[in-house]
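Numbering (the numbering used here), first residue to last: 966 to 1700. Cβ atoms here follow ideal geometry from the backbone N, Cα and C, with glycine treated the same way.
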């Protein structure tokens, strides 16, 4: 059975639209706002954006537009085929906008040419324009809503913020196309050859002469590959290559201390023809110091749609973004990268660029911008050692002090107090304990292995189902822990230990053969070590769950449990995140709390969408907001989605257990019968009287023996000494 679906239909389905938009679902509103803003800025150089009556709008003073361009079934028509250093690239932006509105049940309004319209997407993919009356202003205003999907204009705001500086004033260059690209450009243009030639830099006055060999008014699309190949060669003889400096720039910004601009070119080879493209580009790098590293990447002054990551690893900052990576030594910085270029390889329909073709220039520009801000540091600060450097220098001595030169075990807290005087003496302030534990000692152990003899205090509890045992979790406890065989096949990590009593009372651990684990909110090293140890249990598969509050810190608990750390470069187990997630909590109607205002951005896990990331800066929802019945029902529903059933060992294990139980019971019964038949109690009483008499005759004085032995072996208890005396009495006993 075969089914057929036209490609444009992918635009109107919320499950398939991300495929055409090139971004995941949670980034759709970001992209839609950016597309409209980019188009307006490319046309006018400026625009207005905002919210009005539940709609997000983009307003410009341009020449107007055809509302029919919002039809999602139309061919891909766009001026973007001409390579220019503008914000657009593919020309499918309006179809993405219309598709997002249709897929979410939103509304799309267009005011242009003196008329207000509402755009209705038809079943056949066309756009029906319903007139809503006159529009009394010039230019164009596009307004839209996305049903229940929240609109995030962050990318649009960035595009508007950096719409400044110099812009390219020329036309497209024949050097910017390969033989194949140039042919496809002519194939996509429905007008005459002369008109298309006139669009090239330095060719407008020569267009008539260059097109004379073709039939008057010949369509550009009628040319063969060989003809466009020859024409491209001729155009290149008439013009010079474009200096990258002409492409435009944002320029220096007063709120960035470090700025560096560099230029370059990269080539794109041709397979079918002989002409390769030579693409110029400008890279602008901005840098400034920050509490936490962060980065924004712009392409032609508009944010890229691809993921951009920067993180700190020991003394290095590492950047991974859109096909390029760069490592450099620096304190935490914020970075802004802007690339101006008429063309860059695109890896998705969402216009995610492959910046790998200019990675070397981007990396060098970042380094030079960062070096500029380093020079702004006061000389005294430049000479001062960091806390990390101080700890590294004194750590071996501190370890020896804390553990008595290797004779005793010592805690992480003791090591901190051994290091503390060195830091205070040099920096004049207390060392940060959290940074000391997680970054300094964690980083040291990642490089050198675990510090011998050091342990971490108990900071967690493991509850065993069916045994009713609460086991404290710390370094030593984990070292000595042995999981009881075939007792549980699930572990639930809970942010708060208080939920243990609720779950125990309803016997959920027993019902689902599930151990409970907590470390009082903070996922300690010992807890993660225990999870890894459980994951290595041979033959017994274990599913690991995590639940947490719907707040910024709660999301990072899952991240901390799952993701690799400096001390553990790769997690050995997979954690299933059951929530509570912010969007889920809001949909459940749970009570939302306002969090205290903070001058710093709250850390949020990477899997949270930007919209909810912003929400978590101001609000939170606790698991405790649920009633006990609601919490139990919610948790059981989550567990059932992943439940692999009760613990059922292999038949051999169960058979051996049954045999053992039967044998032990039979031994006990037979022993009882034999003892009863032989009147063992009377025999034992008679033997005791005889031994006691012998004991008395020997005149053993416990009041002398016990103190003397305890003085010789002070680690003993008096009972152990008395027991040893008894063993001596019975050693030669005939019984």
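Alpha-carbon to alpha-carbon, residue j and residue i
i	j	result
residue 1340	residue 1223	10 Å
residue 1406	residue 1449	32 Å
residue 1361	residue 1509	37 Å
residue 1163	residue 1024	31 Å
residue 1073	residue 1110	7 Å
residue 1302	residue 1228	13 Å
residue 1355	residue 1296	16 Å
residue 1215	residue 1307	15 Å
residue 1548	residue 1022	25 Å
residue 1541	residue 1511	6 Å
residue 1638	residue 1622	25 Å
residue 1580	residue 1559	10 Å
residue 1244	residue 1322	10 Å
residue 1208	residue 1272	30 Å
residue 1426	residue 1453	16 Å
residue 1615	residue 1451	10 Å
residue 1434	residue 1506	21 Å
residue 1284	residue 1093	46 Å
residue 1346	residue 1392	Unreliable placement is indicated for residue 1346, whose pLDDT of 48 sits below 50; no coordinate value is reported for it.
residue 1517	residue 1151	53 Å
residue 1026	residue 1278	48 Å
residue 1276	residue 1568	13 Å
Check whether residue i and residue j have beta carbons under 9 Å apart
i	j	result
residue 1059	residue 1000	yes
residue 1238	residue 1149	no
residue 1515	residue 1457	no
residue 1701	residue 1143	The shown model of the chain, from 966 to 1700, leaves out residue 1701, and the question about it has no answer.
residue 1604	residue 1419	no
residue 1252	residue 1331	yes
residue 1328	residue 1291	yes
residue 1428	residue 1482	yes
residue 1267	residue 1034	no
residue 1575	residue 1119	yes
residue 1091	residue 1036	yes
Close Cβ partners of residue i (< 7 Å) along its chain, the five nearest in sequence each way excluded
i	result
residue 1159	1172, 1173 and 1176
residue 1431	1452 and 1475
residue 1019	1110
Residues near residue i in its chain [Cβ-Cβ closer than 6 Å; skip 5 each side]
i	result
residue 1699	none
residue 1486	Because the pLDDT at residue 1486 is just 48, under 50, the model does not fix this residue reliably, and the point stays unresolved.
residue 1315	Below a pLDDT of 50, predicted positions are generally treated as unreliable, and residue 1315, at 47, falls in that range; the measurement from the model is reported next regardless. Counting only Cβ-Cβ distances below 6 Å, and skipping sequence neighbours, we find 986, 987, 988 and 1270.
residue 1383	1363, 1366 and 1367
residue 1088	none
residue 1261	1301
residue 966	Below a pLDDT of 50, predicted positions are generally treated as unreliable, and residue 966, at 45, falls in that range; no measurement from the model is reported.
residue 1147	1193 and 1197
Residue interval of the beta strand (DSSP E) (run including residue i)
i	result
residue 1406	Taken as a continuous stretch (DSSP letters only), residue 1406 belongs to no beta strand (DSSP E), as it is neither H nor E.
residue 1264	1259-1264
residue 1098	1092-1099
residue 1512	1508-1512
residue 1543	1540-1544
residue 1081	1080-1086
DSSP beta-bridge partners of residue i
i	result
residue 1618	None; residue 1618 has no bridge partner.
residue 1479	1455
residue 1131	1214
residue 1604	Residue 1604 pairs with nothing; no bridge assigned.
residue 1232	1243
residue 1589	Paired residue(s): none; residue 1589 is not in a bridge.
residue 1281	1278 and 1294
residue 1253	1299
residue 1436	1427
residue 1073	1109
residue 923	There is simply no residue 923 to check, as the chain begins at 966 and stops at 1700 in what is shown.
residue 1305	1247
residue 1014	1023
8 Å CB neighbourhood of residue i in its chain, flanking five on each side removed
i	result
residue 1687	1667 and 1671
residue 1165	1136, 1137, 1138, 1139, 1200 and 1204
residue 1467	1593, 1596 and 1597
For residue i, the first and last residue of its enclosing alpha helix (DSSP H)
i	result
residue 1031	Element bounds for residue 1031: n/a, residue is neither H nor E.
residue 1025	Counting along the chain, residue 1025 falls outside any alpha helix (DSSP H), though it belongs to the beta strand (DSSP E) covering 1020-1025.
residue 1693	1683-1696
residue 1193	1190-1203
residue 1677	1667-1677
residue 1147	1144-1153
residue 972	That residue, residue 972, is in no alpha helix (DSSP H); it is neither H nor E in DSSP.
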